[in-house]
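First the structure, in the form of structure tokens, and then the observations on it.
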Amino acid sequence: MQAKDAIMSTTLRAVLSEVYAADKVANDKVPSSTIASILRKAVIRRNEAAAKFVQASRQDLADKELQEARILETFLPALLSKADIDTTLREVIESLPAETRSQKSLGQIFKLFYQKVDRSTVDTNLVKERAEVLLAQK
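In our numbering, the protein residues as written are 792 to 929.
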């Protein structure tokens, strides 16, 4: 920030304003998992905006959005690997009675999985995909 990097400062200010807004809504300090979730959503928004700018032939604006997304990604904690997700999902599925291991029990599997793993440390779409694959194998 000493070098007066305008893009970094505006990007961080925008995300900080979202965090402060979440603090006000919660009437308390939000946990770090919520902040990570806010950061992930900001990265996703910027990547989607960049794609729209590319479609509209505005590469200059797309590059700016992608640069902001890269800045925010440096502050994000690493996501769990596919192998770690599979291991935890297998434990959860094995803990269920054999007769309830079906697609209908996905809700229960997700509930137990997210009791063990913080939602901000995983890609929820990957968890859903892997749970369906692992259930199909049983």
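Quick reminder that beta carbons are idealized off the backbone N, C-alpha and C, glycines included.
The model shown is predicted, which means the values in this text are computed figures rather than measured ones.
Check                                                                                                   : Outcome
Buried versus exposed call for V918 [16 or more other C-beta atoms within 10 Å across all chains shown] : buried
Continuous alpha helix (DSSP H) stretch holding S823: start and end                                     : 823-846
Inter-residue Cα distance where the pair is L863 and V834                                               : 6 Å
Helix, strand or coil at T865 according to DSSP, with G and I counted as helix                          : coil
Cβ contact (3+ pairs, closer than 8 Å) linking the region 840-852 and the region 877-888                : no
Where R921 falls: helix, strand or coil (DSSP)                                                          : helix
Opening and closing residue of the alpha helix (DSSP H) in which V810 lies                              : 797-817
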